[in-house]
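Residue numbers (UniProt numbering): 1 to 126. To start, the structure under review is shown below, and the notes come after it.
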């Protein structure tokens with residue numbers, strides 16, 4: 001286990017839309033695994049928190065235990081055209097160059113230690 005003050009921060013978002021990040025927390029790379037009986041937990045020897053501070057974010061509203069307080073649950077299909085327009089505007093106004101590129105890794109063969117959590121390059125800011 002590394003010193004949390006020195007460890008990188010890893011943001012975990014399950015794929016989707018509509019896939020809860022709690023799947024990653026309890027079934028994939030979190031510190032504990034839920035037993036097949038649904039009542040017991042065991043330590044996960046491949047947990048990513050041994051090497052990084054992991055933040056599991058539930059998104060969008062409506063997955064996992066997240067909900068809307070006004071009762072209006074937006075549907076993915078309703079938002080898709082708006083998201084596409086926003087991405088185009090964001091790219092056209094060159095905001096993409098302001099943010100460092102982020103690289104990920106492919107995990108396979110049961111090897112779950114994140115060899116690379118975040119690679120940042122600030123060359124685009126020079």
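We treat Cβ as the ideally placed atom computed from N, Cα and C, and that holds for glycine. Keep in mind it's a predicted model, so treat the numbers as computed, not measured.
Beta-carbon separation (whole angstroms), residue i vs residue j, contact threshold 8 Å
i          : j          : result
residue 44 : residue 32 : 6 Å
residue 56 : residue 21 : 4 Å
Residue of the options minimising C-alpha distance to residue i
i          : options        : result
residue 9  : 19, 48, 21     : 48
residue 50 : 30, 12, 26, 11 : 30
residue 3  : 37, 53, 26, 39 : 53
Cα-Cα separation, residue i to residue j
i          : j          : result
residue 34 : residue 41 : 5 Å
residue 11 : residue 46 : 17 Å
residue 24 : residue 38 : 16 Å
Cross-strand partners of residue i (DSSP beta bridge)
i           : result
residue 51  : Residue 51 pairs with nothing; no bridge assigned.
residue 127 : Not covered by the structure: residue 127. The range shown for the chain is 1 to 126.
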